[in-house]
Amino acid sequence: MSNPTFSRRFALLGGAGLLAAPAILSRPALAQGAAPSTGGQQYIDITRARTNPIPIALPDFTGAGGGAQLGANITRVIANNLSNSGLFRVVDRAAYLPGGDPSGTPQFANWRITGSQALVTGRAEPQGDRARIEFRLWDVNAGEQLQGTAYTAAAANWRQIAHVISDVIYERMLGEKGYFDTRIVYVAESGPRDRRTRRLAIMDQDGENTRYLTDGSAQALSPRFHPNARQIAFMSYANNNPRVFLFNLDSGRQEVLGNFQGMTLSPRFSPDGRNVVLSSTRGGDANIFVVDLASRRERQLTSGGGLDVSPCYSPDGSQIVFNSDRGGDQQLYVMDAGGGGARRISFGNGRYATPVWSPRGDLIAFTRIGGGRFAIGVMRPDGSGERILSEGWQMESPSFAPNGRVLTYYRESRASDSRGGGYSSRLSMIDIAGFNERQISTPTDASDPNWSPLLSS
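Residue numbers for the sequence shown follow my numbering, so the first one is 32 and each next one is one higher.
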């Protein structure tokens, strides 16, 4: 980025994210068996749950010996997941009535008194280095079982079992896939603002189990998951040469993607995982290219003056959204996946950046900058129905949960002095309806999050 004019223009187009020290992350296999449900579908409309969260009772899972503590840990994670979604209200345990066999059919009258609409019971059985976890979901008002499932997995993976159970509850109650058994890759930041150390880090979606993937010796940007969640594409400044790299989560191996003449940036995988779309600079301009991962052949998709960056495929792979200053100001465009047919879709007040397509295909999330403020918003793929979800000081880089119902992004705080002291950058989540905004706890400052697909799907 030696060209000062390009540097200034590139800064306006946004993009962040970074790297950390090799850690092998395994996806534990879960053996499961499902008992037949005794009741029918019991869906509650998500719109109604947003204004009136579902009251659900979650007594600790039972278990002999170490199973009791394991069961309590699993129940705690499930309760946190459901509460954090904003769609469930975990009933206060002080309202629970004693009595009844926790492993048998509940005394529904006692649970109706608490105001619970749903009840979750379960049992944890350690089996050496493995564990068997069973749970049941009950419709309290109807007095019937909605779900009964048992899982067997390595005992060390109890948190993932809790996330999987949370997803089952979410789907059985709301009729849509959950998003709890997922990870988020992000940039872990530390140090003064003008001398930040930035590492790639990965964590469970609830902020637990953080692992650093790089050591921060090279700055990096824009980490993005492969559809199989085993590989990450990102931009690295290794050897002061900004290029797109691939990081293998199983081996910790990194490799440069492509042999471009200029800098490469803002990578993203295609929905089928066979290609990476990215931007590459030539002089003061940047154009979009696609790289075939098998052959490493490159194909240019855009041309002409301007900066075309931050490309993202539609879920069916037929279109690409990107931001560009080709019209004189930074706006969003959608083109055919093969290039051509680009049409502008953003027309609000301000500049637009970091677009990302919802996995549902119905929305595009973006960052909007105008009037000295930043905002995270969504619009339909044709540009209609623009809605701002959250506004504030610098905030950007939205990423959808795999069910398309929640966004994560990051926001910065204003620096308290001229040297950047007091500066902070934290991750947040928000429902696509613009409610239940909350901060995600991370060990360090954080930026540029990207959500994985469901791990157990």
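Note that CB positions come from ideal geometry on N, CA and C, so glycine has one too.
Since I believe residue j is in contact with residue i (beta carbons under 8 Å), could you give me their beta-carbon distance rounded to a whole number of angstroms?
i    : j    : result
R442 : M426 : 4 Å
N481 : P254 : 6 Å
Y243 : A219 : 6 Å
R374 : Q362 : 11 Å between Cβ atoms; not a contact.
A396 : P342 : About 14 Å separates the two Cβ atoms, so there is no contact after all.
Terminal residues of the continuous alpha helix (DSSP H) containing residue i?
i    : result
G97  : G97 to S116
M204 : W189 to L205
T78  : I77 to T82
I508 : The displayed coordinates of the chain run from 32 to 488. Any statement about residue 508 would go beyond what the structure contains.
Kindly list the residues whose CB is nearer than 6 Å to the CB of residue i, restricted to its own chain and excluding five residues on each side of it in sequence; keep chain order.
i    : result
A406 : R399, I419 and E422
A21  : The shown model of the chain, from 32 to 488, leaves out residue 21, and the question about it has no answer.
F139 : V171 and G174
G289 : V322 and E329
For a test of the three-state rule: what should DSSP assign to residue i, helix, strand or coil?
i    : result
N318 : strand
D356 : coil
A368 : coil
A184 : strand
D170 : strand
N279 : strand
D303 : coil
A432 : coil
N290 : coil
R226 : helix
L486 : coil
Rank the options by C-alpha distance to the C-alpha of residue i and give the top, closest one.
i    : options                   : result
N172 : R382, I395 and P86        : P86
A498 : E165, S415 and A251       : The requested residue 498 does not occur in the structure, where the chain is confined to residues 32 to 488.
G283 : R261, M266 and F256       : R261
R436 : F466, Y454 and D225       : F466
F291 : P258, D303, N306 and R327 : R327
L338 : L231, S345 and G315       : G315
Q250 : S116, D235, H257 and F276 : F276
S197 : A186, S301, G335 and G153 : G153
E286 : F320, L324 and P258       : L324
Going by beta carbon distance, what residues of the same chain come within less than 7 Å of residue i, once the five residues before and after it are set aside?
i    : result
A155 : F92, G94, G98, L101, G102, I105, A162 and I164
L56  : Confidence is the limiting factor: at L56 the pLDDT is only 25, short of 50, which leaves the residue's position unreliable and the question unanswerable from this model.
L490 : For the chain, the structure presents residues 32 to 488; residue 490 sits outside this window and is missing.
G401 : N380, G381 and R382
S267 : L50, A249, A251, R274 and F276
From what residue to what residue does the beta strand (DSSP E) around residue i run?
i    : result
A125 : Element bounds for A125: n/a, residue is neither H nor E.
T398 : I395 to G401
P390 : Element bounds for P390: n/a, residue is neither H nor E.
E468 : Per DSSP, E468 belongs to no beta strand (DSSP E) and is neither H nor E.
E492 : Residue 492 lies beyond the residue range present for the chain, which begins at 32 and ends at 488; the question has no answer from this structure.
D339 : D339 to Y344
A219 : R214 to S221
G379 : Premise fails: G379 is in no beta strand (DSSP E) and is neither H nor E.
Using a Cβ-Cβ cut-off of 8 Å (strictly less than) and excluding sequence neighbours within five positions of residue i, which residues of its own chain qualify?
i    : result
E202 : K208 and G209
Closer than 8 Å, CB to CB, is residue i near chain C or not?
i    : result
G222 : As a matter of chain content, chain C is missing from the structure shown, which is built from one protein chain.
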